[in-house]
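Please read the structure below before turning to the comments.
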Amino acid sequence: MANAYKWAITALCATFLNGCGSSSDKAEELVKIMGLDAQYKMVIQVATAGYSQKYHDVPPVKIKAVIEENISQELLKETLIEVYSDHFDADELELMIEANKHPTEAMSIIMKSKDGMKLAKKAMEVQVDLQRDMAKAFEDRDEDIVDELDDLQKEARG
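This is the structure we're talking about:
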């Protein structure tokens, strides 16, 4: 729930500012503040649940291990940083960082900013790009995951 709240704040913050450019240092700071560990755990949980539907004979713990071997936290971090730095300038990222540091005041922080509504809209659009880029990054690893899980399924069935 807190993770979803942070994503919503980030989306709102992003929409509230308007600007181009990138700042990978600021994007990295934002990713850290948003709680990369929690985001990674959520990605792994969702992926494990998804693969578990196809691989009934493979224990979820083994499925999770295969996914973690193929999708690193570093990959998630790099993807998030790339997307945020490509879509937001340093000022926008700084505003999102401040909003994430003070979640109870996030709306006020955003609303007091110049072009706040534009940033909120932009953030929502970026979430679509983020999901697409993450899906592409993970798609590149899907074949390896499926191969390993196929082997584990065959083993489990004897």
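In terms of our numbering, the sequence shown opens at residue 60 and continues consecutively. Beta carbons are placed, not taken as given, at the ideal position from N, Cα and C, and that holds for glycine.
Residue i, DSSP secondary structure in three states
i, result
"H161", "coil"
"D206", "helix"
"F197", "helix"
"Y110", "helix"
"E125", "First, the amino acid is wrong: residue 125 is Val here, not Glu. In the structure shown, V125 sits in a helix (DSSP, three-state: H, G or I)."
"D116", "coil"
"S130", "A small fix is needed here, since residue 130 is Ile in this sequence, not Ser. Coil."
"M93", "coil"
"S82", "coil"
Given residue i as reference, the closest of the options once Cα atoms are compared
i, options, result
"I103", "D209, D116, L135", "L135"
"V142", "K195, A108, T163, I122", "K195"
"L139", "A108, S167, A182, R216", "A182"
"V105", "H161, K180, M193, M170", "M193"
"E184", "R200, P119, H146, G217", "H146"
"E127", "R191, D96, I169, A86", "D96"
"K100", "K85, R216, D203, K123", "K123"
"V125", "R216, G217, D201", "D201"
"E87", "D203, E133, D188", "E133"
"I130", "D150, D199, A215, K171", "D199"
"D109", "R216, G217, A215, V205", "It should be noted that the sequence gives Gly, not Asp, for residue 109. Checked all of R216, G217, A215, V205; the closest Cα to G109 is V205."
Chain-order list of residues whose beta-carbon lies under 7 Å from that of residue i (same chain, five-residue window excluded)
i, result
"S83", "I140, S144"
"P119", "T107, S111"
"A215", "D116, V117"
"C79", "Note on C79: pLDDT 37, under 50, position unreliable in the model; the coordinate value appears next. Cβ neighbours of C79 beyond the five flanking positions: D148."
"G217", "none"
Chain-order list of residues whose beta-carbon lies under 8 Å from that of residue i (same chain, five-residue window excluded)
i, result
"K121", "L211"
Close-in-space but distant-in-sequence residues of the same chain around residue i (CB under 6 Å, 5 per side omitted)
i, result
"A149", "S82, K85"
"I168", "E157, A158"
"L189", "V142"
> For the 8 Å Cβ check, are there 3 or more pairs between the segment 165–178 and the segment 135–154?
Replying inline: yes
> Counting pairs of Cβ atoms below 8 Å between the segment 105–120 and the segment 202–214, do you hit three or more?
Replying inline: yes
> Taking only runs of the alpha helix (DSSP H) that begin and end inside the segment 149–195, which ones reach a length of at least 4 residues, in chain order?
Replying inline: 149–160, 165–170
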